[in-house]
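According to UniProt numbering, the sequence shown holds residues 1 to 128 in order. Structure, as structure tokens:
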Amino acid sequence: MRDGADGPAAGRRARGELEAAVLAALWAAGEPLSAAAVREQLAGDPAHTTVLTILTRLHAKGLLTRRPSGRTHLYEPVRDEAGHAAAGMRDLLDQVGDRAAVLSRFVSELSAADERLLEQLLRPQPDE
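Quick look at the structure:
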């Protein structure tokens, strides 16, 4: 344990921060990576076992695929970054009782540019 003014948890990442960093590394790579390759992309030099634990958790949550490759496994995100963010937004929306109020508040807080983009995306597209 570390001693000092910041306490024993000084230098530790916030819960979920390492999961986000691992996902970001995998999205940036654009190809399946081993735990060792993921670890090389992370700041702070986390232990190999820590990276394996995070990859295992993300796989168990259904966020990563895992396939054997020699004596290791390769990991790849199930969704791209935009798909992951959209799924998170959908999950949050599913947790509230008044969807209309949440969507109304969300739309009212959009920038003008995002509002125009959303209108464009909601407009029916002619068949190509």
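In this text, a Cβ means the ideal position worked out from N, Cα and C, and glycines have one as well.
Close-in-space but distant-in-sequence residues of the same chain around residue i (CB under 7 Å, 5 per side omitted)
| i | result |
| --- | --- |
| V96 | V102 |
| D127 | none |
| A87 | R79 |
Span of the alpha helix (DSSP H), counted from its first residue to its last, around residue i
| i | result |
| --- | --- |
| E19 | 17–29 |
| L33 | Neither: L33 is in no alpha helix (DSSP H) and is coded neither H nor E. |
| E81 | 81–94 |
| A60 | 48–60 |
Exposure label - residue i; buried when at least 16 CB within 10 Å
| i | result |
| --- | --- |
| P68 | exposed |
| V107 | exposed |
| P124 | exposed |
| L117 | exposed |
| R90 | exposed |
| R105 | exposed |
| L122 | exposed |
Chain-order list of residues whose beta-carbon lies under 8 Å from that of residue i (same chain, five-residue window excluded)
| i | result |
| --- | --- |
| R99 | L93 |
| H59 | T65, R66, Y75 |
| L110 | L118 |
| A28 | Q41 |
| D3 | Confidence at D3 is low in this model, with a pLDDT of 42, below 50, so the placement of that residue should be treated as unreliable; the coordinate-derived value is given next. Within the same chain, D3 has no close Cβ partners at all. |
Nearest to residue i (by Cα), restricted to the options the options
| i | options | result |
| --- | --- | --- |
| A36 | E19, T72, G16, A60 | T72 |
| E19 | P32, L52, S34 | L52 |
| E31 | L110, E76, S111, A85 | E76 |
| R57 | A29, G70, G16 | G16 |
| G70 | R39, A29, S34, G88 | S34 |
Where the beta strand (DSSP E) through residue i begins and ends
| i | result |
| --- | --- |
| R66 | 64–69 |
| A76 | The sequence as given places Glu at residue 76; Ala does not occur at that position. Element bounds for E76: 72–77. |
Same chain, Cβ closer than 6 Å to residue i, neighbours up to 5 away in sequence not counted
| i | result |
| --- | --- |
| Q41 | A25 |
| L55 | A35, Y75 |
> Is the number of C-beta pairs between the segment 56–76 and the segment 21–37 that are closer than 8 Å three or more?
Replying inline: yes
>> Within 8 Å, do at least three Cβ pairs link the segment 39–55 to the segment 77–85?
In response: no
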